[in-house]
Structure formats: structure tokens, C-alpha cells
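Numbering (our numbering), first residue to last: 379 to 494.
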């Protein structure tokens, strides 16, 4: 049996931009992506701690060291600048493998989105 489990999580990052005039996605600082074991194009679920919104999109790689977390396109309407978001991705795996799998968890400084 295959199940979906949490693969990666960037916990409590601050939204630095919201760009409505983009085709869609979330732009994330490459340092955060590397630390969380995420890649460009990967599907992610986003939870906004400030307003309760939950939605999904895909990742675009942002400038390394920029601290950028930018919601693009329609997703820009679901957040406000400065909101705190949780960004999660999941993986399908065998039930037995999932029992011992450890997700990549990243806790950036919410003031700067830099790794601490």
C-alpha cells in the first residue's frame, strides 16, 4: 500500500511579496529550498497562519540569500505582505517505508526568512 506523507516543510516563513501580475506559483529563496529538500516545479501546499487560507501551487526558485517568499498570480490574493506561512510538500511511499521516514523541516527566522 502507498500513502502520502510529509516530505518537506518550511515552517513560519514571512511573505515578502505578492505579485498578482504573474502566471502563478510561489517564489522561494534557493537557500530555503535546499535546506527543505525542495525543488523548482514541485507541488506545495501553503497554509497562511494569519488568515487561515490553504492552497496549493508550484515552486519557482528565488535568488539565493534573498529571503524571498513571493506568492504569484491568483495566490497573491490569498495573502498579505508580512503574513506567516507554512510551505509543505508530500511524497508517496510504501506504508512500511513511511514508518521510518524523516521529513526535512526548516525553521527560518520569520523576520528575515534566513536560516538560523
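Ideal Cβ placement from N, Cα and C applies to all residues, glycine included.
Where the alpha helix (DSSP H) containing residue 473 begins and where it ends: Walking along the chain shown from the start, residue 473 turns up at place 95. First-last of the alpha helix (DSSP H) with residue 473: 473-478.
Rounded separation between residue 396 and residue 387 - CA only: Residue 396 sits at position 18 when you count from the first residue of the chain shown. Residue 387 sits at position 9 when you count from the first residue of the chain shown. Cα to Cα, residue 396 sits roughly 20 Å from residue 387.
Cut-off 6 Å between Cβ atoms - residues of its own chain near residue 361, not counting five sequence neighbours on either side: Residue 361 falls outside the range modelled here, since the chain spans only 379 to 494, and no answer is possible.
Beta-carbon separation of residue 384 and residue 486 under 8 Å? Residue 384 sits at position 6 when you count from the first residue of the chain shown. Residue 486 sits at position 108 when you count from the first residue of the chain shown. No, these two residues do not count as a Cβ contact at 8 Å.
Name the residue from 478, 483, 447 and 477 whose alpha carbon lies nearest to the alpha carbon of residue 407. The residue you call residue 407 lines up with position 29 of the chain shown. Nearest C-alpha to residue 407: 447.
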